[in-house]
Each structure stands twice: as C-alpha cells, then as structure tokens.
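All remarks here apply to the structure that follows.
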Amino acid sequence: MTTWKTIASSTTTPKEVKTRAPATVAASPCTAAKITVETVAMLPTDRTRTTVGVGEKVKLTYSLGSATWTASKGTLTSTTGQTVTFEAPDQAATVTIKATGGGCTCTLTFTVIEPSGVLMERQPGKGIQHTNGIPSVGIRTVIYLTPDTVSFQFIQISEDDCPGVVTGYFVGTPLDGIRHGSHGAGTWVPVGPTIAGKGSRVVANDTAQSGHCNFGTPYSAGTFDWAIPWKFRVGGGADKVFATVHQRFTIDAAGDMTVSKAGASGAAALSDPTSTY
Numbered sequence: 026m027t028t029w030k031t032i033a034s035s036t037t038t039p040k041e042v043k044t045r046a047p048a049t050v051a052a053s054p055c056t057a058a059k060i061t062v063e064t065v066a067m068l069p070t071d072r073t074r075t076t077v078g079v080g081e082k083v084k085l086t087y088s089l090g091s092a093t094w095t096a097s098k099g100t101l102t103s104t105t106g107q108t109v110t111f112e113a114p115d116q117a118a119t120v121t122i123k124a125t126g127g128g129c130t131c132t133l134t135f136t137v138i139e140p141s142g143v144l145m146e147r148q149p150g151k152g153i154q155h156t157n158g159i160p161s162v163g164i165r166t167v168i169y170l171t172p173d174t175v176s177f178q179f180i181q182i183s184e185d186d187c188p189g190v191v192t193g194y195f196v197g198t199p200l201d202g203i204r205h206g207s208h209g210a211g212t213w214v215p216v217g218p219t220i221a222g223k224g225s226r227v228v229a230n231d232t233a234q235s236g237h238c239n240f241g242t243p244y245s246a247g248t249f250d251w252a253i254p255w256k257f258r259v260g261g262g263a264d265k266v267f268a269t270v271h272q273r274f275t276i277d278a279a280g281d282m283t284v285s286k287a288g289a290s291g292a293a294a295l296s297d298p299t300s301t302y
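If you count by my numbering, then the sequence shown holds residues 26 to 302, one letter each, in order.
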C-alpha cells in the first residue's frame, strides 16, 4: 500500500489573524474644568496673573457653569454662580480658591503681596523752593508704591509720626527733635493705577522742604533727618507699617542746602535767586 503525506509549502495560504480594536474611553468632563482669572485693575497689563496686591479685586469664572465657591482667605462677592469676584486679604498670604460644579472641583492658588517700598521722583515742571540769601530748599514729588508687578489701587497710605534727628549746625536749633506729626503725618490718601517700571502711583504729591534755616552765622556742616514710617490699609481696616522713608536735609559752611526723599532730590545755593515749586 502506498501512503501519501501532505507537506506544507510556501504556497500554503495562512489563516487570517484577527485583532480586536482597543475600547474607546470617553474623556472625563472634568478635564475641561478650569477657573479663568481677570483682574479688575487694568494695569499691570497681565490681567491673568495670580500674584496680586493686598485688597486687589479679581473676577473669577468657572468653565463648567454655575459653581459653589470657597476662598481660604479674603472675601468673595458670592459663594455661588459661574462668575464671582475675589477680594484679596489685607495682609500678605497664600490663598486657595475652590470651585465645585458640574460634578467637578477645580482649585486655584493666589499669592497676595504687600507694598514693599516707596519711590519718589521730582514732579515734572516743578522747580526748587528757595529764598535768596537764606539757607532753604524744597521739592515737590510724585509718589509710587513698589513693586510694579501688581496693583495697589485698592489701598490707602499714610505717613506716621517720628522725631527729627540732627547733627552739626542744626543741633540746638528749632529743628532739633521737631516731630513730623504736625507736618503732614496722619493723612490717608488713595492710590491709583500701576505705572510700569515704577509702581502704583499715589493719588497725591508730596513736598519736602526745609523752611528757613537761618539759625545764625557762621554756617557749618549739618544734617536733619526724619525716618518716616509709611503705613497702608485696605478700606477702614487695620494699618501696617511697610517702609521707612528718610526725608533728609544737609547744609554746608557756605549755607548751601540739599534735600532728598525716597530717590528724589534737589539743591539750592545760598545765593540762588528766590524760586518756588
């Protein structure tokens, strides 16, 4: 008997191999959940920033519609709704905002900062206050609060009291120990928009003048200094000192004087003509 064997060859057609497509998983609706930010202050130009000044106001919108809102510090205009306004607290802080709605929860963190310094510049178009033949000098200034990366337009500022400290020519004169309290301290003034490279501009100008310093001749070198505490507050809240600004005058043996304050300065020689700011 003959036995036949079947041998596979390269011409044998392979069986079709079938693969199963991966299952399609629907995207979670929470991937679209977010809180958008728009500062009420128009300046600085980045209105989506999450670093803000004390008291600064920010409009918050939840992408999935109406939500329940919470803030770890500061205040919200409402705790429900799609859009609410957050008011930063009156002290430096880290604040967590939470919005819950549409089955999802979204969080956002704000860094709240206080003003850190004062910058002054001579007011444009203004001269030096001086009386010819009498040691005297004065300037008028524009005031900015630093830094310029946030807005401080929702606060007020004030100078506080301090004693005058003198050396040389001014020792034993009426300026020796004179207090700042009766020379502009204690007045609260508002703050305006932020100016890039400078800071939030105070809605008032400042004057730094020596008055007449003819305390007898011969003149000699001397200095006068007020180390003025600067305070801020939000609304009618508690105030806090944030900087010390030196208002300083000098006199030399010729009776010539200088003045400086927070970066602004001026000078007047005894023989300069009478002038004003």
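Beta carbons are placed, not taken as given, at the ideal position from N, Cα and C, and that holds for glycine.
In this text, all values refer to a predicted model and were calculated from it rather than measured experimentally.
Problem set entry | Coil, strand or helix - residue 207 by DSSP | helix
Exercise. Just how far apart, CA to CA, sit residue 180 and residue 256?
Worked result: 10 angstroms
Problem set entry | Boundaries (first-last residue) of the beta strand (DSSP E) holding residue 302 | That residue, residue 302, is in no beta strand (DSSP E); it is neither H nor E in DSSP.
For this session: Let me know the secondary structure DSSP gives residue 219 once reduced to three states.
Result: strand
For this session: Identify whether residue 131 lies in helix, strand or coil by the three-state DSSP scheme.
Result: strand
Exercise. To the nearest angstrom, how far is it from the Cα of residue 124 to the Cα of residue 95?
Worked result: 7 angstroms
Problem set entry | Cβ-Cβ distance between residue 286 and residue 153 below 9 angstroms | no
For this session: Assign residue 71 to one of two classes, buried (16 or more other C-beta atoms within 10 Å of its C-beta) or exposed (fewer than that).
Result: exposed
Problem set entry | Helix, strand or coil at residue 70 according to DSSP, with G and I counted as helix | coil
Problem set entry | Whole-number beta carbon distance between residue 132 and residue 122, since they are thought to touch under 8 angstroms | 7 angstroms
Exercise. Does the distance from the C-beta atom of residue 55 to that of residue 128 stay below 9 angstroms?
Worked result: Closer than 9 angstroms, so yes.
Problem set entry | Cβ contact (3+ pairs, closer than 8 angstroms) linking the region 103-116 and the region 222-234 | no
Exercise. What separation, rounded to the nearest whole angstrom, lies between the Cα atoms of residue 271 and residue 86?
Worked result: Taking the straight line joining both Cα atoms gives about 44 angstroms.
Problem set entry | Limits of the unbroken beta strand (DSSP E) element including residue 155 | Segment 154-156, the beta strand (DSSP E) holding residue 155.
Problem set entry | Candidates 193, 221 and 297: closest to residue 275 by CA position | 193
Exercise. Between residue 251 and residue 219, what straight-line distance do the alpha-carbon atoms span, to the nearest angstrom?
Worked result: 27 angstroms
Exercise. Are residue 158 and residue 115 touching if we call contact CB-CB under 9 angstroms?
Worked result: no
For this session: Go ahead and pull the three-state DSSP assignment for residue 56.
Result: helix
For this session: Taking the CB atoms as reference points, tell me whether residue 221 and residue 264 lie closer together than 9 angstroms.
Result: no
Problem set entry | Sequence-distant residues of the same chain with beta carbon closer than 6 angstroms to residue 281, five excluded per side | Answer for residue 281: 294 and 295, listed in chain order.
For this session: Quick one: give me the first and last residue of the beta strand (DSSP E) that residue 86 is part of.
Result: 82-87
For this session: Please report the residue range of the beta strand (DSSP E) in which residue 95 lies.
Result: Per DSSP, residue 95 belongs to the beta strand (DSSP E) from 92-96.
Exercise. Closest by CA to residue 249, which one among 162, 216 and 141?
Worked result: 162
Exercise. What are the start and end residues of the beta strand (DSSP E) that includes residue 180?
Worked result: Element bounds for residue 180: n/a, residue is neither H nor E.
Problem set entry | Per-residue DSSP class, three states only, for residue 292 | strand
Exercise. Rounded to a whole number of angstroms, what is the C-alpha to C-alpha distance between residue 103 and residue 68?
Worked result: 25 angstroms
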